[in-house]
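Student:
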């Protein structure tokens, strides 16, 4: 979402919404992703998604709904999408904290912190907006490990500090899609 100020690096990618709305037409999911990414707040993004879902969550040509997949229920899918958008907001808050704290505690220079943020968003893109996977890619990044030999431990310490200080937001970081 534009609110973050990271010049598009924190954008949600269509595969993230495709996972939540598996019965929707690909072009409709792309449009939802585009519209959500252009909202100024998470609540506006949720509103856009809630307006979109009843009309487009299932394409006219969709195969038979899988009764065992809870995402075949539009209300459940909307709840999952809302939780996902709140999760993305928490990820942005976490990265802001990592950026500011790593500079203020002299663990990174501002230039290194900017690069750290760029590497995280690249990992997030590679992980298709999945925080758990992105976190692993980020923590094991060779560029950061080469620049800071204790980077994995530093990252874990900053993460633990964030969890302690911002527990309600941190709870949302490890969101996973329920099916």
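Residue numbers (my numbering): -10 to 168.
The C-beta atom is built at its ideal place from N, Cα and C for all residues, glycine as well.
Values in this document were obtained by computation on a predicted structure and should not be read as measured data.
I need the straight-line Cα distance from residue 14 to residue 119, nearest angstrom please.
Tutor: Whole-angstrom Cα-Cα distance: 22 Å.
Student: Where do the ends of the alpha helix (DSSP H) carrying residue 80 lie?
Tutor: Here the alpha helix (DSSP H) through residue 80 covers 63 to 93.
Student: Counting beta carbon pairs with one atom in the region 30 to 45 and one in the region 66 to 80, are three or more of them shorter than 8 Å?
Tutor: Touching, yes, given that three or more Cβ pairs across the two stretches are closer than 8 Å.
Student: Buried or exposed for residue 12, going by 16 or more other Cβ atoms inside 10 Å?
Tutor: By the neighbour-count rule (16 or more Cβ atoms within 10 Å), residue 12 is buried.
Student: Could you tell me whether the region 14 to 28 touches the region 42 to 50, where touching means 3 or more Cβ pairs closer than 8 Å?
Tutor: Short answer: they touch.
Student: Contact check, residue 105 vs residue 133 under 8 Å by CB: the rounded distance?
Tutor: Yes, residue 105 and residue 133 are in contact; Cβ-Cβ is about 6 Å, under 8 Å.
Student: Where do the ends of the alpha helix (DSSP H) carrying residue 137 lie?
Tutor: Residue 137 -> no alpha helix (DSSP H), and no H or E assigned at all.
Student: Run through DSSP, which three-state label would residue 116 get?
Tutor: Reduced to three states, the DSSP call for residue 116 is coil.
Student: Please classify residue -4: is it buried, with 16 or more other beta-carbons within 10 angstroms of its beta-carbon, or exposed?
Tutor: Legend: pLDDT at residue -4 = 46, less than 50; position of this residue unreliable, value from coordinates given subsequently. By the neighbour-count rule (16 or more Cβ atoms within 10 Å), residue -4 is not buried but exposed.
Student: Among 58, 142, 8, whose alpha-carbon lies nearest the alpha-carbon of residue 73?
Tutor: Nearest C-alpha to residue 73: 8.
Student: In whole angstroms, what separates the C-alpha of residue 115 from that of residue 129?
Tutor: For residue 115 and residue 129, the distance between alpha carbons rounds to 14 Å.
Student: For residue 1, count the other beta carbons within 10 Å of its own beta carbon; 16 or more makes it buried, fewer makes it exposed. Which is it?
Tutor: By the 10 Å Cβ count, residue 1 comes out buried.
Student: Which residue comes first and which comes last in the alpha helix (DSSP H) that contains residue 7?
Tutor: Unbroken alpha helix (DSSP H) run through residue 7: 3 to 9.
Student: Put residue 33 into one of helix, strand or coil per three-state DSSP.
Tutor: Here residue 33 sits in helix by DSSP.
Student: Going by beta carbon distance, what residues of the same chain come within less than 8 Å of residue 121, once the five residues before and after it are set aside?
Tutor: For residue 121, where only same-chain residues beyond five positions count, the Cβ hits under 8 Å are 163, 165.
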